[in-house]
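Take a look at the structure below.
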Amino acid sequence: MISIEPVVADSRLPYSIRAEDISIIEKEYEALTAYWLAQKLNAQEFSFFHFNIDLNQGPCLPKRLSGCGAGQEYLAVSPYGILYPCHQFMGEAEFEIGNVFDGIIRRDISRTFRSNHVLYKETCKSCWARFYCGGGCHANAWRQNGVISSPYEIGCLLEKKRIECSIYLKTKLYETQ
3 MISIEPVVAD
13 SRLPYSIRAE
23 DISIIEKEYE
33 ALTAYWLAQK
43 LNAQEFSFFH
53 FNIDLNQGPC
63 LPKRLSGCGA
73 GQEYLAVSPY
83 GILYPCHQFM
93 GEAEFEIGNV
103 FDGIIRRDIS
113 RTFRSNHVLY
123 KETCKSCWAR
133 FYCGGGCHAN
143 AWRQNGVISS
153 PYEIGCLLEK
163 KRIECSIYLK
173 TKLYETQ
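Those letters in the sequence shown? Residues 3 to 179, per this note's numbering, in order.
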């Protein structure tokens, strides 16, 4: 199984993804979709993480509301024993949640992550994909917008495209059965 994540970088950097790149990336997802389908129809094993969605039951409720468990279900540990909500917040003092010696000290950080889900994020409330994406990556939102409560717009566009491709693939496979 492979997973490919888009680069999330300061928009001033030459390798950052910009709005004008979206149509090119969408075409590449479409090409990957065609390849994935051809492999499956020819009984070849090929798996792309972002095309694995369950249209019948969907993800579990916590995943539907908040795409990841950062600061709630899991933590990242630095080499110095400092705990962070996830590896992408490593080294960011404002996200130090505790340490391996004293445990969780900043429970407010966990509460902040827990309360930033699709029912509270304004841009997610009316999005058709919200219960499959869970509101996007908190770290990407923070890096791009300075807050975890406002999803990274380019990430949203790419996630919606991956979900569209996945729905198409599930439909095509269903038709061949």
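Beta carbons are placed, not taken as given, at the ideal position from N, Cα and C, and that holds for glycine. Owing to the predicted nature of the structure, the values given are computational and were not obtained by experimental measurement.
Taking just the CA atoms, how far does K162 sit from T114? Approximately 25 Å between the Cα atoms of the pair.
Identify every residue that forms a DSSP beta bridge with A72. For A72, which the question treats as bridged, DSSP gives the partners Y76.
Using a threshold of 8 Å, is the CB atom of V79 nearer than that to any non-hydrogen atom of the ligand FAD? Only the bare structure without any ligand can be found here, which leaves the ligand FAD out of the picture.
Can G137 and V120 be called in contact, C-beta distance under 9 Å? yes
Please name the residue, chosen from D23, S18, I27 and H89, that lies closest to A141 on a Cα-to-Cα basis. H89
Among F48, C126, I6 and A21, nearest to L171 - alpha-carbon criterion: F48
Residue environment, A33, which counts as buried when at least 16 other CB atoms sit within 10 Å: Flag for A33 reads exposed.
G157: which of G83, I24 and S5 sits nearest, CA to CA? I24
In chain order, what residues of the same chain have a beta carbon less than 7 Å from the beta carbon of S186, not counting five sequence neighbours either side? No answer is possible for residue 186: the residues shown for the chain start at 3 and end at 179.
Segment limits, alpha helix (DSSP H) that includes Y176: E155 to T178
Alpha helix (DSSP H) containing I84: first to last residue? Segment I84 to Y86 is the beta strand (DSSP E) holding I84; no alpha helix (DSSP H) there.
Suppose the cutoff is 8 Å on Cβ atoms and the five residues either side in sequence are ignored; what does the same chain contact list for S80 look like? In the same chain as S80, and ignoring 5 residues on each side of it, the C-beta atoms closer than 8 Å to its own belong to Y86, M92 and G93, in chain order.
Along the chain, which unbroken stretches of the alpha helix (DSSP H) at least 4 residues long are found entirely within the stretch 11-43? 24-43
On the three-state DSSP scale, how would you describe F50? strand
At the level of alpha carbons, what is the spacing between F133 and L175? In this model, F133 and L175 are separated by some 22 Å (Cα to Cα).
Just the Cα atoms here: how many angstroms apart are N44 and A131? 30 Å
Take S168 as the anchor and find which of I26, L39, P16 and G73 has the nearest alpha-carbon. L39
Could you compute how far the alpha carbon of T125 sits from the alpha carbon of N147? 13 Å
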